Structure formats: C-alpha cells, structure tokens
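Q: Before we start, here is the structure in question, set down as structure tokens.
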Amino acid sequence: MSVRNNPEPAAAGAGDGAPAVREERVLTFGDVFGRDAGGLIVLLILFGALTLWSEQFLTISNLENLSRQVAIYGIIAVGQLLVILTAGIDLSVGSVLGLAGCVTAELIVHGTGVPVAILGGLGVGAAIGVFNGVLVAHAKLPPFIVTLGMLGIARGAVLVLTSASTVQPLPDSFGKIANGSDPILGLPNLLWMLIVVVVVTAFVLRRTVFGRYIYAVGSNPESARLAGVPVTRVLVAVYAIAGFLAAVGGVLLASRLNAGIPTGGTGYELNAIAACVIGGASLFGAKGGAYGAAAGAIIVGTLQNGGNLKNIDPFYLQIIIGALILIAVAFDQFQGRRSRS
Amino acid sequence: MSTATPERARPTPPAPEPVVSLRGATKAYGPNKALTDVDLDLRPGEVMCLAGENGAGKSTLIKILTGAIRRDSGTYSVDASDIGDPSPTEAREHGIGVVYQELSLLPDLSVGENLMMSRLPARRGITRPGELRRQAREMLERVELADLDPDTEVGELPLAKQQLVEIAKVLGESPRVIIFDEPTTALSEAETHRLLDKIMQLRDEGHAIMYVSHHLEEMFAIGDRVTILRDGCLVTSAPMGEFDHDSLIASMVGRKIESLYPASDRTVTDQVRLKISGLRPAGVTTPIDFEVRSGEIVGIAGLLGSGRTELLRAIFGADGCEGGTIEVDGKVVKCGDPRRAVQAGLGLLTEDRKRLGLLLELTIRENASIADLDEISRFTLVDRKEERGIVDRYLGSLRLRAASWEQPVSSLSGGNQQKVLLARWLATKAKVLLFDEPTKGVDVGAKAEIYKVIGDLAAEGLGVVVVSSYLPEVLGLADRVLVMRGGSIAGELPAAGATEEDVLRLASVGGGQRTDGFETEETRS
Chain A
567 MSVRNNPEPA AAGAGDGAPA VREERVLTFG DVFGRDAGGL IVLLILFGAL TLWSEQFLTI
627 SNLENLSRQV AIYGIIAVGQ LLVILTAGID LSVGSVLGLA GCVTAELIVH GTGVPVAILG
687 GLGVGAAIGV FNGVLVAHAK LPPFIVTLGM LGIARGAVLV LTSASTVQPL PDSFGKIANG
747 SDPILGLPNL LWMLIVVVVV TAFVLRRTVF GRYIYAVGSN PESARLAGVP VTRVLVAVYA
807 IAGFLAAVGG VLLASRLNAG IPTGGTGYEL NAIAACVIGG ASLFGAKGGA YGAAAGAIIV
867 GTLQNGGNLK NIDPFYLQII IGALILIAVA FDQFQGRRSR S
Chain L
3 MSTATPERAR PTPPAPEPVV SLRGATKAYG PNKALTDVDL DLRPGEVMCL AGENGAGKST
63 LIKILTGAIR RDSGTYSVDA SDIGDPSPTE AREHGIGVVY QELSLLPDLS VGENLMMSRL
123 PARRGITRPG ELRRQAREML ERVELADLDP DTEVGELPLA KQQLVEIAKV LGESPRVIIF
183 DEPTTALSEA ETHRLLDKIM QLRDEGHAIM YVSHHLEEMF AIGDRVTILR DGCLVTSAPM
243 GEFDHDSLIA SMVGRKIESL YPASDRTVTD QVRLKISGLR PAGVTTPIDF EVRSGEIVGI
303 AGLLGSGRTE LLRAIFGADG CEGGTIEVDG KVVKCGDPRR AVQAGLGLLT EDRKRLGLLL
363 ELTIRENASI ADLDEISRFT LVDRKEERGI VDRYLGSLRL RAASWEQPVS SLSGGNQQKV
423 LLARWLATKA KVLLFDEPTK GVDVGAKAEI YKVIGDLAAE GLGVVVVSSY LPEVLGLADR
483 VLVMRGGSIA GELPAAGATE EDVLRLASVG GGQRTDGFET EETRS
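Residue numbers (this note's numbering), protein chains in the order written: chain A, 567 to 907; chain L, 3 to 527.
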C-alpha cells in the first residue's frame with residue numbers, strides 16, 4: 567500500500583462534485599446546499615408569492631418582525647435535527663426551553679448577575695440533554711419514551727420552581743439581548759443568533775468528523791460501531807446539544823418577553839419536528855441538513871406571518887401547515903421510491 | 003429422506019410438456035435492459051438450474067415468473083395457455099411457488115400462523131387455533147418436521163428449519179412449479195445436503211423446479227438442465243451433463259477465469275501480526291489460542307454454530323470476551339471495543355453486509371472513508387482532498403465500477419458493495435484483516451477478484467483470517483486451516499493436501515452434541 571499523503575493528481579483539484587468520472591456540469595442549487603435543497607426552494611417560492619400578494623410583506627419592519635418570530639423556533643429545530651439525524655427524536659425540547667428560561671429568570675430575580683444566570687439556564691438544558699443521551703445510548707431506552715418522560719419531568723419542575731406564576735420583573739439589560747439590534751447593520755440580535763447556530767451546525771455536519779459520525783449512526787448504528795465510530799458518545803453529544811439549544815431558545819424567549827413564563831415553549835417540540843420534516847429530514851435518520859431545518863422553521867413562520875398580514879383565520883393556517891408536513895413527507899417517499907427502483 | 007406423504011403429492015402426472023414457458027421475455031428499467039428476449043421452459047420432474055453472474059438478469063426473470071414485475075414484451079404461458087401479465091396472487095393461483103433467498107416468514111408469529119397466513123382457519127372472523135394447529139402439522143409433515151410444535155415462534159428456529167417451514171408454506175399452496183432463489187446462502191454443508199435431497203424428492207413427486215444458486219457444486223448435484231444468462235441475454239439452455247465446472251463458469255462469465263484462487267507463492271515470515279492467547283468469547287469455556295503471521299492466510303472452518311463468527315467478533319471487539327488477550331504486532335488490544343480494535347489495526351468484514359457493514363443511506367465515498375476519518379482529519383475537520391484521494395486510490399485499485407463516488411452505496415451490486423467495505427479497511431492500513439464469509443452472495447467474477455485482493459493483502463505482509471462455510475474456498479485460499487467445533491478449535495490442517503473430508507471429519511466428530519442454543523445464536527447473528 568502506498569503512502570497516504572500522496573493523492574492522485576487527478577483528484578487534487580477536484581471541487582465538490584464526483585471525482586470518479588470527471589464530467590462537464592453546471593453548478594446547480596443542489597450542489598451548493600446539498601441535502602437541504604428542497605426546503606430552500608419551497609421557501610424562495612413562498613417569499614416570492616407573498617411579496618407579490620402583500621405589499622407589506624417585503625418591508626424592513628415586517629421582515630424584522632418575522633425574524634424575531636422564527637429565530638427561536640429555528641434554533642430549537644436545529645437541535646432537534648441533530649437528534650433526528652441519528653434516527654432519534656427529542657420530545658423534551660419544549661419543556662426544557664420553558665425550564666431553562668425560568669431558571670435564568672429566577673436566578674436574576676434572586677440577585678444573580680445576568681451572565682451567570684444565563685449560564686445557569688444553559689447548563690440546566692445541557693445537563694438534561696446529557697441525561698436523555700445517557701438513557702438512550704447506554705441504557706438503550708427508546709428515544710421517544712426517554713424524552714416523553716423528560717417532557718413531563720421538565721415541565722413539572724418548572725411549574726414547581728415558579729409555583730406556576732410568571733417570574734418578573736427582569737432588568738432591561740436582560741431584555742435587550744433578544745429585543746435589541748446590532749449597531750452596524752441594524753439586524754435583530756435574534757436573527758444573528760439564528761444565523762450563527764445554523765451556519766455553525768451546517769459546517770459541523772458537513773465538514774467535521776463528528777458530523778459524519780452523526781449520519782453514520784443514523785444510517786445504521788451497528789455498522790457504524792463496527793467501523794470504529796464511537797456510537798454512544800455521538801448519541802450523548804447529540805442529545806446534549808439538543809438540550810443546550812433548547813435552553814438557548816428558553817433564555818431568548820425569557821429575554822424577548824422580559825419575563826420567565828412557566829408554560830413557555832409548550833408544544834414547541836412538535837413545531838421543531840415539523841420544521842425538520844418540512845426541511846427534508848427523515849425520521850428514519852441520516853437524511854437532512856441544518857439549512858433545511860432552518861428553512862422548514864422559516865417556512866412555518868412565514869406562513870403564519872403572511873396569514874397575519876392577509877387576515878387569514880389562524881385556524882386555517884394550522885390546517886395548511888399540517889398539510890405541508892404531509893406533502894413534504896409524501897414527496898420524500900416518492901423520491902426515495904423512484905431512486906431505489 | 004424418503005418418507006413422503008403420497009396422498010397429497012403429485013399434483014400433476016409427469017409429462018414432457020413444459021408447465022411454464024416464457025418466450026421472448028424482455029424487461030428494461032429505464033435505459034438499462036435487464037432482460038432481453040429470454041426463453042425458458044420448466045418441465046415437471048425436472049430441476050432447471052439458472053446460472054449467471056450478479057446482474058445477469060436472474061432475479062428479473064424470477065420476478066417476471068412470480069408476477070412481481072411486468073415484462074415489457076414476450077409471452078408467458080402455463081400449460082400452453084397464455085396467462086398474460088399475472089399479478090403475484092394470480093401467479094400463485096397458476097401454481098408458481100417461490101422459496102425466497104431472504105425468508106418471507108414473519109419472525110414474531112408462530113410457525114402455524116406463518117404457514118396459514120393467507121387463509122387462517124376462522125369462523126366469522128374469529129380464528130380457530132385447534133384447526134390451525136392441525137392443518138399446520140399436516141403441512142409440516144411433508145417436510146419431515148412432524149415433531150415441530152406449530153406454536154413455536156419462527157424467530158426462535160434455526161435458519162435451516164425456517165427454510166423448511168418456508169418450503170412447507172409454499173407446498174401448502176399445491177404449487178406445480180417451485181422456484182428456489184439462493185436457498186443455501188445461510189445453510190451449513192450438512193443442511194445444504196439435506197435441502198438438496200428434499201428438492202430432488204420434490205422433483206420426483208412431479209414438481210417442476212427452478213434452482214438459482216451461486217454454488218456451482220449444488221447445480222451439478224441436482225440439476226437436470228441449466229439455463230445460462232449473461233448481461234440479460236440467454237446464452238444457452240442445455241442438459242447439465244454437457245457442462246463441467248470450468249465450461250459452466252466460462253459460459254457464465256463469457257471469458258475464461260484461469261484460476262479462481264490466487265497462487266500461493268507468498269512468503270510467510272516469522273513476524274507474528276495477530277496473537278490470540280486464552281481468548282474466551284462470551285459463552286465459550288475452552289480458551290482459544292492461535293497466531294497469524296505476516297503474509298499468512300489462516301482459514302477457519304467449522305459447521306454452522308461452531309463459534310466461527312463469535313470468535314471473529316470477539317477478536318474485533320464487536321462482542322465482549324470473558325478472558326484472554328489479543329495482541330496486534332505485540333500490542334495488547336482491549337477487548338470489547340471495536341473503536342480500539344480499529345485503531346490497533348484490526349479490520350472486520352462482516353458476513354451480513356447490509357446489517358453489519360454498510361451505511362446504506364450514505365455515499366460510496368462516505369462508506370469507504372468512515373473508519374479512517376480520525377486519520378484524515380485535522381482538528382476534527384475532515385480533509386476532503388485527502389478523503390477523495392484515498393477513495394480514488396483504494397476503490398480504483400479494486401476496479402470498482404460506479405459512475406460517481408457520490409452515488410449512494412445502496413445502488414451497487416453485492417460484489418461491488420463488498421469492494422467498498424474492503425476499501426474501508428484498506429484505507430485504515432489495517433495490519434490484520436478478519437473476513438467472515440467474504441464471498442457470500444457474490445458472483446463468480448467478483449469472487450475471483452476478492453480472492454485476488456485477499457491474496458495480495460497477505461503478500462503485502464498483512465495477517466489475514468478467513469471464515470467460510472464454503473470449504474473449497476477455505477482450502478483454496480488459506481495456508482493453514484483451523485477447524486472449530488463447539489466453540490473451540492478442534493484441530494489444525496495445512497491447507498495444501500487437506501481435503502474437504504479431512505475438514506468435515508474434524509468439524510463433526512461428536513458434532514451431534516452441539517446444543518440447540520448454539521445453533522440459534524449463530525443463525526441469528
């Protein structure tokens with residue numbers, strides 16, 4: 567066997583495409599966004615349609631409003647995506663979001679400094695994620711059951727902690743985190759957070775060993791283990807990140823409302839799962855990407871935003887979003903069947 | 003083997019007229035022609051073998067016969083009357099039965115329920131368990147399983163028995179034609195013999211049999227005629243006696259394969275690459291010791307359930323072990339941790355590619371590089387240029403045919419998938435490679451290539467261990483054969499000069515003593 571650090575010259579300058587047979591090809595949308603392309607296309611169409619339909623849609627103030635609405639959904643959807651890629655599911659993100667927000671708020675109310683309080687909230691989320699991950703990876707319990715249990719535990723804990731009442735008042739300095747904008751471009755802070763989380767996650771998934779391992783575990787955990795992939799560590803890390811990102815969402819929600827809401831985040835786990843599925847992720851694992859999940863979250867948010875602008879009954883919007891999930895999955899199935907035969 | 007039940011046998015009297023005849027069958031998937039203008043006649047009382055490499059169109063032909071797919075053109079007649087495009091149910095009603103390669107039984111249901119699945123005895127929708135058991139027992143008697151309790155869960159049975167249950171299920175539909183699709187892939191030598199006897203008995207009862215297998219010996223053992231396909235076209239259909247081993251391979255491959263096994267002009271050095279001392283895989287009481295030297299190929303033979311796979315898995319750390327040490331190049335490898343084993347320079351090609359090897363949703367490139375990612379990354383970032391270089395080099399050297407490394411690995415044929423897995427371990431520069439049934443489900447042409455690679459690897463100084471239930475393969479490939487029995491090593495033979503009988507004798511002395519539990523362990527893993 568020859569020396570490893572000497573790849574064939576033919577391969578040296580290769581781009582993103584296939585090295586086996588070099589052929590002339592145009593750069594397509596799918597080449598850039600890879601596994602996430604579908605959701606982004608739907609999103610672009612939706613943006614175009616709403617721009618034509620409503621004059622208010624493509625205005626700075628509405629887009630700022632939209633980005634504030636979707637940022638928190640988007641952040642927890644990305645955490646959810648990592649779990650879904652391993653063929654798992656995290657039902658506890660909504661409850662963890664509520665708990666982390668209220669822990670942060672309680673700490674501040676009891677005189678802790680804002681940065682330390684935030685770290686406390688994030689720590690609680692990450693710790694719960696690690697606990698979920700250990701039960702899934704080491705005790706080999708089904709993810710659905712583990713996180714269903716945690717959904718109840720975390721929500722119960724936050725109600726006990728706050729006696730089910732809103733935690734306030736919180737200082738303005740805390741509220742500025744989510745409600746402020748950056749001084750140069752004037753974009754909402756929340757939007758920046760979403761961008762950072764999505765871009766970093768996309769990079770991790772595509773370029774790092776850890777990212778590759780996530781897809782491998784989702785594809786076939788036993789094959790992955792026999793190829794030397796540290797399957798249990800990958801699983802624990804994935805649930806820990808999902809818990810951490812849920813806590814980030816919780817802190818941001820508390821900051822946006824400038825209060826700790828004990829029921830905050832109720833039902834968000836289903837929104838996060840919906841965002842992943844609409845963005846092209848498969849609940850069977852190993853399919854999907856961060857841009858897709860973010861696109862899925864923004865699609866849902868944009869539909870709600872557009873509905874508000876045109877005064878559409880929100881109950882109808884629920885029906886539309888539900889139908890969208892079915893269409894996304896059916897489309898995916900249809901594609902899969904075609905490529906298999 | 004001669005206890006047939008005459009009262010239910012002979013659905014048709016033996017006649018020279020073909021039961022089934024296909025004329026000009028053609029099928030294309032998009033631009034790819036899977037089958038072109040193929041004729042086939044199946045006659046009662048005759049075993050027709052279907053031979054061809056992977057991708058020659060055998061499975062397409064079977065699917066056309068069973069109604070699983072529609073052909074594009076050609077006629078399909080049963081008893082000289084055209085039956086058009088049958089659905090699977092219609093094909094079954096016309097008497098076409100299939101025993102599938104991957105068993106079609108439902109493992110969590112009982113034997114009886116599986117046998118009677120399509121027509122559970124029931125009164126107004128409520129099942130009648132007594133009647134079900136009675137009918138099931140009758141069906142089991144036909145395959146000499148009269149003592150099997152119909153309430154047993156199918157998943158608890160060893161694979162060979164499941165196969166018989168499957169045959170009983172097919173027989174229950176009174177078929178006139180029985181198609182066997184690779185029925186022996188998971189069976190041991192002795193079980194294969196028993197199955198072949200059973201098939202001959204079915205033939206003598208007047209069934210028309212079509213037999214599909216990669217094992218040429220089996221075809222010669224039971225075939226009356228052989229139909230050879232190559233690249234979707236009919237090469238010939240002739241009496242089996244007109245062929246010998248070499249001429250059959252030559253017609254299947256279309257070129258002559260000089261020697262299946264690589265020449266053994268390797269030099270085995272004194273350098274010990276793998277040293278196993280006192281190793282006890284879980285559930286095994288006798289410690290196992292052996293060594294593999296640089297340049298050496300050690301074969302491990304043994305009956306199904308003799309602990310071959312368990313030994314390999316224990317060495318690689320796929321399962322834990324109860325004691326003993328494993329050393330690679332003198333360094334002890336921690337037991338029960340595949341990741342450490344990979345880092346120490348071990349590689350395992352598992353028997354069950356789909357379940358224990360491939361990452362089916364991922365691309366060829368990702369599958370080939372997965373075990374080597376730690377090596378080709380800096381600060382956890384995968385060096386993509388290096389990754390592509392490695393994939394190019396190792397898959398290229400294995401002459402893998404694929405349009406692009408970015409296509410999903412699931413789109414490849416069995417032999418090519420095996421090459422991808424092989425490349426995975428070449429990329430890690432493994433020092434010792436463990437092969438568990440390396441050519442299972444792989445066609446003749448690809449087999450020769452895989453043998454050549456194994457020989458080349460040993461020649462480069464690796465230590466190689468090959469487990470196979472196919473004795474000619476073990477004897478042809480290995481320098482030395484370890485024969486296992488009941489979880490421990492029963493003896494060692496130099497491959498040169500040893501015969502299959504020698505191996506079988508060692509493997510089966512007191513072979514009747516192996517416990518049922520053992521058998522199930524193996525067949526399930």
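Glycine included, C-beta positions come from ideal geometry on N, C-alpha and C. Predicted, not measured: the structure shown is a model, and the values here were computed from it.
Taking Cβ to Cβ, would you say arginine 94/L is nearer than 7 Å to glutamate 175/L?
A: Yes, Cβ-Cβ distance for arginine 94/L and glutamate 175/L is below 7 Å.
Q: In chain L, which residues lie less than 7 Å from lysine 853/A when you measure between Cβ atoms?
A: Those within 7 Å of lysine 853/A in chain L are Glu363.
Q: Specify whether the segment 613-633 of chain A and the segment 791-800 of chain A touch according to this definition: at least 3 beta carbon pairs, one from each stretch, less than 8 Å apart.
A: At 8 Å Cβ cutoff, the stretches do not touch.
Q: Would you identify the three-state DSSP class for proline 90/L, choosing helix, strand or coil?
A: Three-state DSSP puts proline 90/L in a helix.
Q: Can you check the segment 202-288 of chain L for any alpha helix (DSSP H) of at least 4 residues that lies completely inside it and give the ranges in chain order?
A: Whole alpha helix (DSSP H) segments, 4+ residues: 218-224 and 247-255.
Q: Would you decide whether isoleucine 954/A is buried or exposed? Buried here means 16 or more other CB atoms lie within 10 Å of its CB.
A: Outside the displayed span of chain A (567 to 907) sits residue 954/A, for which this structure offers no information.
Q: Does the distance from the C-beta atom of glycine 530/L to that of proline 177/L stay below 7 Å?
A: Nothing about residue 530/L can be read from this structure; chain L reaches only from 3 to 527.
Q: If you draw a straight line from the alpha carbon of arginine 588/A to that of valine 795/A, how long is it in whole angstroms?
A: Its pLDDT being 42, under 50, arginine 588/A is placed unreliably in this model, and the coordinates cannot settle the point.
Q: Which residue spans inside the segment 355-394 of chain L form an unbroken alpha helix (DSSP H) run of at least 4?
A: If we require 4 residues or more, the alpha helix (DSSP H) runs fully inside the segment 355-394 of chain L come out as 355-358 and 366-371.
Q: Between valine 866/A and alanine 841/A, which are expected to be in contact by the criterion C-beta below 8 Å, what is the C-beta distance as a whole number of angstroms?
A: Indeed they touch by this definition, with Cβ atoms about 6 Å apart.
Q: Step through the CB atoms of chain L and report whether any lies within less than 7 Å of the CB of glycine 858/A.
A: Answer no: the Cβ-Cβ gap between glycine 858/A and chain L never drops below 7 Å.
Q: Starting from the beta carbon of aspartate 376/L, find every residue of chain A whose beta carbon is closer than 7 Å, and list them in chain order.
A: Those within 7 Å of aspartate 376/L in chain A are Val775.
Q: Please state the DSSP three-state secondary structure of tyrosine 472/L.
A: DSSP places tyrosine 472/L in coil when its eight states are reduced to three.
Q: From Glu377/L, Gly391/L and Lys356/L, pick the residue whose C-alpha is nearest to that of arginine 367/L; which is it?
A: Closest option to arginine 367/L, Cα to Cα, is Gly391/L.
Q: What are the uninterrupted segments assigned as beta strand (DSSP E) that are 3 or more residues long and contained completely in the segment 171-201 of chain L, given in chain order?
A: Listed in chain order, the complete beta strand (DSSP E) runs (minimum 3 residues) inside the segment 171-201 of chain L are 179-183.
Q: Across which residues does DSSP place phenylalanine 292/L in a beta bridge pair?
A: Ile278/L, per the DSSP bridge assignment.
Q: Answer yes or no: do threonine 560/A and leucine 383/L have a C-beta to C-beta separation smaller than 7 Å?
A: The question about residue 560/A has no answer, for chain A in this structure spans 567 to 907.
Q: Would you verify that the beta carbon of leucine 792/A is, or is not, closer than 7 Å to some beta carbon of chain L?
A: Leucine 792/A counts as touching chain L.
Q: Give me the Cβ distance between methionine 759/A and isoleucine 641/A, rounded to the nearest whole Å; I'm assuming they're in contact under 8 Å.
A: That belief holds up - the Cβ atoms of methionine 759/A and isoleucine 641/A are roughly 7 Å apart, short of 8 Å.
Q: Valine 797/A and valine 817/A: beta carbons closer than 7 Å?
A: No, the pair does not count as a contact, with Cβ atoms beyond the cut-off.
Q: What separation, rounded to the nearest whole angstrom, lies between the Cα atoms of leucine 166/L and glycine 319/L?
A: Distance between the alpha carbons of leucine 166/L and glycine 319/L: 34 Å.
Q: Anything in chain A within Cβ reach of serine 490/L, meaning under 7 Å, just list it in chain order.
A: Near serine 490/L there are no residues of chain A at all, since even the closest Cβ is about 24 Å away, more than 7 Å.
Q: Report the residues of the segment 792-819 of chain A with a CB closer than 8 Å to any CB of chain L, ordered along the chain.
A: The segment 792-819 of chain A vs chain L, Cβ under 8 Å: Leu792, Ala793, Gly794, Val795 and Pro796.
Q: Chain L beta carbons: is any one of them nearer than 7 Å to that of serine 703/A?
A: Before going on, a small fix: residue 703/A reads as alanine here, not serine. It does not; no Cβ of chain L falls within 7 Å.
Q: Over what stretch of residues does the alpha helix (DSSP H) that includes glutamate 621/A continue unbroken?
A: From DSSP, glutamate 621/A is part of no alpha helix (DSSP H); its letter is neither H nor E.
Q: In whole angstroms, what is the alpha-carbon distance linking isoleucine 317/L and cysteine 337/L?
A: Approximately 7 Å, taken between the alpha carbons.
Q: In chain A, which residues lie less than 9 Å from glutamate 184/L when you measure between Cβ atoms?
A: Chain A residues near glutamate 184/L: none, gap ~21 Å exceeds 9 Å.
Q: Tell me which residue opens and which closes the alpha helix (DSSP H) that valine 764/A is part of.
A: Element bounds for valine 764/A: 755-773.
Q: Does the beta-carbon distance from valine 636/A to alanine 863/A come in below 7 Å?
A: Yes. Within cutoff.
Q: Sorted by chain position, which residues of the same chain lie with C-beta nearer than 7 Å to proline 20/L's C-beta, five sequence neighbours on each side aside?
A: Same-chain partners within the cutoff: Asp43, Leu44 and Arg45.
Q: Closer than 8 Å is the cut-off here; do at least three beta carbon pairs connect the segment 439-459 of chain L with the segment 202-219 of chain L?
A: Yes, they touch.
Q: Rounding to the nearest angstrom, what Cα-Cα distance links asparagine 786/A and glutamate 363/L in this structure?
A: Approximately 9 Å, taken between the alpha carbons.
Q: Inspect the beta-carbon positions of glycine 493/L and leucine 506/L and report whether they are closer than 7 Å.
A: Not closer than 7 Å, so no.
Q: Got a sec: is the Cβ-Cβ distance from alanine 894/A to anything in chain L below 7 Å?
A: So no, alanine 894/A is outside the interface.
Q: State the DSSP-derived secondary structure class of threonine 732/A, mapped to helix, strand or coil.
A: The answer is coil: DSSP assigns threonine 732/A none of H, G, I, E or B.
Q: Using the rule of at least 16 other Cβ atoms within 10 Å of the residue's Cβ for burial, across every protein chain shown, is phenylalanine 850/A buried or exposed?
A: Classification of phenylalanine 850/A: exposed, given that the 10 Å Cβ count is below 16.
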